[in-house]
Structures are given as C-alpha cells and as structure tokens.
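Q:
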Amino acid sequence: MLCLRSSRILVQRSALPLVANSCFRREFHCSQLVQNETQKKTEVNKDTSDGSSPSHPASSVLAGTILKNLNIKAGGIDPVAKEDHEYPEWLWTLLDAPASDTSAALSRSRKNAIRTSNFLKKK
Amino acid sequence: MSTPKASLVKLVVPAGKAAPTPPIGPALGARGVKSIDFCKEFNARTVGYVPTVPIPCRVTVTPQRTFSFTIHTPPTSWLICKTLDIEKGSSSPKHDIKGQLSLKHVYEIAKLKSTDPTLKGTELTSLCKSVIGTAKSMGIQVVL
Numbered sequence: 115m116l117c118l119r120s121s122r123i124l125v126q127r128s129a130l131p132l133v134a135n136s137c138f139r140r141e142f143h144c145s146q147l148v149q150n151e152t153q154k155k156t157e158v159n160k161d162t163s164d165g166s167s168p169s170h171p172a173s174s175v176l177a178g179t180i181l182k183n184l185n186i187k188a189g190g191i192d193p194v195a196k197e198d199h200e201y202p203e204w205l206w207t208l209l210d211a212p213a214s215d216t217s218a219a220l221s222r223s224r225k226n227a228i229r230t231s232n233f234l235k236k237k
Numbered sequence: 072m073s074t075p076k077a078s079l080v081k082l083v084v085p086a087g088k089a090a091p092t093p094p095i096g097p098a099l100g101a102r103g104v105k106s107i108d109f110c111k112e113f114n115a116r117t118v119g120y121v122p123t124v125p126i127p128c129r130v131t132v133t134p135q136r137t138f139s140f141t142i143h144t145p146p147t148s149w150l151i152c153k154t155l156d157i158e159k160g161s162s163s164p165k166h167d168i169k170g171q172l173s174l175k176h177v178y179e180i181a182k183l184k185s186t187d188p189t190l191k192g193t194e195l196t197s198l199c200k201s202v203i204g205t206a207k208s209m210g211i212q213v214v215l
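Going down the list, the sequences are from chains A and B.
Each number in the numbering used here corresponds to the 1-based position in the first sequence with 114 added.
Each number in the numbering used here corresponds to the 1-based position in the second sequence with 71 added.
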C-alpha cells in the first residue's frame with residue numbers, strides 16, 4: 115500500500131522538478147509518521163480491549179504482592195510481584211500442554227497409553 | 072600404600088550456624104579435616120545470607136587433608152515450602168495437594184537458582200521448568 119502512495123506522490127512531483135526535493139521528502143516523512151501513529155493506536159486499542167495481554171489470562175498474583183521468604187540475603191527484602199506484562203512472554207506458556215505435533219506431546223500420549231494398558235492388565 | 076583420591080563431602084548447613092557438632096563433625100572428621108576450621112570459614116562466607124537458611128555445600132578434601140568448598144543456593148523444595156508457609160511436601164503428590172504456587176513465584180525462585188554455580192549455563196526457561204517439576208513432586212499445584 116505504501117508503495118502505491120509513494121509512486122502517486124512521485125507522479126505528482128515530476129511535473130514540478132524545481133520544487134525542492136526536501137519538500138517532497140518532508141511530506142513523505144509526515145505521511146509515514148501518521149501511518150505509524152495510527153498503527154500504534156490500533157495496537158494499543160487491541161491490548162486494552164482484551165483487558166490484559168492478548169496471549170494469557172491475568173495472573174492469580176496481583177502486582178505488589180510480597181513473595182514471602184524468597185529473600186535469602188541478609189538485610190534484603192522479599193521480592194515483590196511485578197505487573198503481568200513486566201514478566202517475559204515465555205513465562206505464561208510454561209503451563210501449557212505441548213502442541214499436539216511435537217515430540218513431547220507424542221511421548222506423553224505414548225506413556226499414558228502404556229500406563230492405561232498396564233492398569234488394565236493388572237487384575 | 073596407594074594415595075587416596077580427593078573425596079567429596081556433601082553437606083547442608085544452616086547459614087552462619089556451622090558447628091563442629093554432628094552432622095558436620097563426624098562427616099569431616101572422618102576424612103581428617105578439622106571441622107572447626109571448616110565452620111569458621113563457612114560462617115564467614117555465609118555472613119551475607121539470612122541466618123538459618125540451609126546452604127548446601129560441597130567440600131573437597133585432598134589426600135593432604137586440606138579442604139576447599141563451594142556454596143550453593145538453598146534447596147528448591149525448601150524455598151517452595153517457605154514461600155507457601157508449608158512444613159513439608161505432600162506424601163502422595165498427585166492426590167494430596169498442599170498448596171498453590173504462582174508462575175511469578177516460580178520466576179523469582181528460578182532467578183534465585185540462576186546464581187547457583189552449577190546452574191550458571193542453564194537458561195531461565197529451563198530453570199523455571201525445573202522449579203515447576205519440583206513443585207509437582209511435592210504436591211504443589213502450579214497456577215498462573
């Protein structure tokens with residue numbers, strides 16, 4: 115889409131070669147800025163409309179909760195829970211079951227099959 | 072007489088509270104190490120820790136009866152128990168759930184563990200997974 119825009123501008127400008135290139139560039143720059151801003155706005159809107167980060171529901175531990183007794187250094191204080199978005203993204207994926215096509219998921223299903231067949235064979 | 076190799080002694084000692092009494096005394100004394108010396112050095116090294124936090128340490132005793140030791144981070148199971156105010160883990164993990172641990176707790180514990188000398192190379196993701204595994208084996212449910 116951007117290419118079309120730029121080519122359109124080029125076509126317009128070619129009629130007036132003496133008009134400074136800087137004018138053309140400035141215009142292009144502004145339009146790009148506006149485009150970036152609108153993109154950012156839509157991203158921000160997307161985030162807030164979900165209520166939390168789009169990838170996971172809110173953590174059970176609210177920000178500001180003191181994580182008890184996890185301080186082992188003398189004279190230090192217990193760590194305080196931060197906001198959800200301040201933690202790395204991968205943290206929230208740790209509890210997910212592995213995707214069905216990965217080797218981890220396949221080995222898990224295989225092990226479960228062995229366990230059930232052993233259970234059935236028991237009595 | 073063949074020269075004996077350097078032997079390794081694994082101990083878990085409360086920080087700042089090493090004393091020549093058992094279990095440290097006999098464990099080191101049997102290998103010819105003066106436990107008083109070890110206690111002095113251990114207490115000096117663990118001055119920066121909250122007192123009575125269990126510190127695993129590995130003492131290497133040379134045939135010449137000199138020793139050196141490394142200090143590690145407290146056991147993960149102990150950290151989990153302390154955070155959740157639980158005395159012990161569950162005796163039947165999957166059936167008897169003792170408490171709930173949040174992923175934020177897991178993250179902080181893993182961050183603590185990353186300072187351990189033996190775990191220096193491991194990624195934080197792997198450390199978090201280990202902590203989750205320890206919690207599961209204790210009968211602690213890990214939640215978001």
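C-beta atoms are modelled at their ideal positions from N, C-alpha and C, and glycine is treated no differently.
Below 8 Å, how does it come out for the region 122 to 140 of chain B and the region 77 to 85 of chain B: are there three or more Cβ pairs, yes or no?
A: The region 122 to 140 of chain B, when compared against the region 77 to 85 of chain B, does touch it at the 8 Å Cβ threshold.
Q: Say whether chain A places a C-beta atom closer than 7 Å to the C-beta of residue 186 of chain B.
A: Position 115 of the second sequence, counted from the start, is the residue given in the question as residue 186 of chain B. So no, residue 186 of chain B is outside the interface.
Q: Report the three-state DSSP secondary structure of residue 125 of chain B (helix, strand or coil).
A: The residue given as residue 125 of chain B occupies position 54 in the second sequence. Note: residue 125 of chain B maps to strand in three-state DSSP.
Q: Report yes if the C-beta distance between residue 110 of chain B and residue 93 of chain B is below 7 Å; otherwise report no.
A: The residue labelled residue 110 of chain B in the question sits at position 39 within the second sequence. The residue labelled residue 93 of chain B in the question sits at position 22 within the second sequence. It is not a contact, given that the beta carbons lie outside the stated cut-off.
Q: So, does the CB of residue 119 of chain B fall closer than 7 Å to a CB anywhere in chain A?
A: In the second sequence, the residue the question calls residue 119 of chain B occupies position 48. For residue 119 of chain B, the answer is yes, since a Cβ of chain A falls inside 7 Å of its Cβ.
Q: Are the CB atoms of residue 198 of chain B and residue 181 of chain B nearer to each other than 7 Å?
A: Here residue 198 of chain B refers to the residue found at position 127 of the second sequence. Here residue 181 of chain B refers to the residue found at position 110 of the second sequence. Yes, they are a contact pair.
Q: Under 7 Å, CB to CB, which of the residues in the region 160 to 173 of chain B have a partner in chain A?
A: Per Cβ criterion, the list reads 173.
Q: So the candidates are B:177, B:106, B:122, B:166; which of them puts its Cα closest to the Cα of residue 206 of chain A?
A: Along the first sequence, one-based indexing puts residue 206 of chain A at 92. Ranking the options by Cα distance to residue 206 of chain A, first place goes to B:177.
Q: Measuring CA to CA, which of B:88, B:132, B:214, B:158 is closest to residue 116 of chain B?
A: Counted from its first residue, the second sequence places residue 116 of chain B at position 45. Comparing Cα positions, the closest option is B:88.
Q: Beta-carbon of residue 82 of chain B versus every beta-carbon of chain A: anything under 7 Å?
A: As a working mapping, residue 82 of chain B is identified with position 11 in the second sequence. No, residue 82 of chain B lies away from the interface with chain A (no Cβ there is under 7 Å from its Cβ).
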